[in-house]
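Here the sequence shown is numbered in my numbering, starting from 183 and rising by one per residue.
Ideal Cβ positions, reconstructed from N, Cα and C, are used throughout, including at glycine.
Predicted model only: the values in this text are computed from it and were never measured.
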Amino acid sequence: MIQIFRGAQAPGSSAILDAMHRDRKHVFVDLLKWDVPVVDGCFEIDQFDDERAIYLVAADESGAHRGSIRLLPTDGPHILGTIFPELCDDAVPRSPEIFEISRGCLSMRLRAPERLIVRNALTTAAVEYALLHGITAFTCIADSGWLSQVLALGWDCWPLGLPQKIGRSLTGALRIDITPETPHLLRDAGTYRPAPLSFADVAERALA
């Protein structure tokens with residue numbers, strides 16, 4: 183199941199979002215050594231985790247976090263436009279119909295085959311969410327490790343500029359066009375994996 187959360191919640195408000203922020207801390211701070219904020223010593227929460235954020239969260243039957251992504255509208259503050267505009271050769275894409283994908287996080291507890299399944303399910307959910315809500319494109323920032331995976335998913339993906347060295351990695355910005363044809367492109371690439379979508383208030387009541 184992919185649960186949809188609209189807007190950030192304070193630590194302690196949602197067990198699933200707390201688990202997501204803990205895993206983000208394990209991955210981005212402990213493993214990748216990113217210099218990003220940590221709240222209460224265990225939650226990775228940055229300035230873009232606000233009321234505009236939309237979270238797509240893959241959870242197991244017990245509610246444990248398996249993977250997640252964050253969507254942000256680009257007509258407001260977001261990572262590419264606010265922190266790394268230099269990754270775009272031209273103007274940063276900004277529109278109510280363009281959202282940024284960021285903080286893609288897979289639980290370190292998953293084995294390699296499970297990671298692939300969860301990644302593809304989250305990608306498919308993001309495309310389906312976009313088609314349902316009039317989102318015509320995603321932007322994202324990806325280092326060299328993720329860049330090849332994003333490109334291999336099969337969707338229409340375009341570089342916004344040449345990759346640049348940020349920290350220890352070459353990092354680039356991408357635009358991903360979303361059309362009714364996109365699910366077919368994912369199917370052709372073998373990355374289309376639909377999963378039930380559930381809005382968080384319903385899911386949280388079911389877990390109570």
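Quick one, which of the options has its alpha-carbon nearest residue i's?
i, options, result
"D200", "W337, H247, K347, V209", "H247"
"E296", "D242, A371, A235, F225", "D242"
"T321", "A235, S196, P341, S330", "P341"
"S277", "R293, R252, I265, D257", "D257"
"R291", "C339, V209, T353, V332", "V209"
"V309", "E233, G354, E282, Q191", "E282"
"R193", "I184, S326, R204", "In the sequence as displayed, the identity of residue 193 is Pro instead of Arg. Considering only alpha carbons, the answer is R204."
Find out if the Cβ-Cβ distance for the pair residue i, residue j is shorter than 8 angstroms.
i, j, result
"R350", "N302", "no"
"L164", "A307", "In this structure the chain extends from 183 to 390, so residue 164 is not present and cannot be described."
"T364", "W328", "no"
"R252", "S284", "yes"
"F381", "I236", "no"
"C339", "I358", "yes"
Taking buried to mean at least 16 other C-beta atoms within 10 Å of its own C-beta, is residue i buried or exposed?
i, result
"H366", "exposed"
"A312", "buried"
"M202", "buried"
"L344", "exposed"
"S244", "exposed"
"G372", "exposed"
"S195", "exposed"
"A334", "exposed"
"R206", "buried"
"A190", "buried"
"T330", "In the sequence as displayed, the identity of residue 330 is Ser instead of Thr. Result: exposed."
"A240", "buried"
Just the Cα atoms here: how many angstroms apart are residue i and residue j?
i, j, result
"Q346", "I323", "11 angstroms"
"E268", "G223", "31 angstroms"
"I299", "V274", "31 angstroms"
"T392", "G286", "Lying before the first or after the last residue shown, residue 392 is absent from the chain, which here runs from 183 to 390."
"F266", "D272", "13 angstroms"
"L238", "I198", "11 angstroms"
"L254", "I280", "9 angstroms"
"T305", "S250", "10 angstroms"
"R369", "V221", "39 angstroms"
"R188", "D232", "9 angstroms"
(message) Can you confirm whether the stretch 206 to 214 touches the stretch 254 to 269 when touching is taken to mean that 3 or more C-beta pairs between the two stretches lie within less than 8 angstroms?
(response) no
(message) Taking 8 angstroms as the cut-off, does the stretch 218 to 228 touch the stretch 307 to 321 (at least 3 CB pairs, one atom from each stretch)?
(response) no
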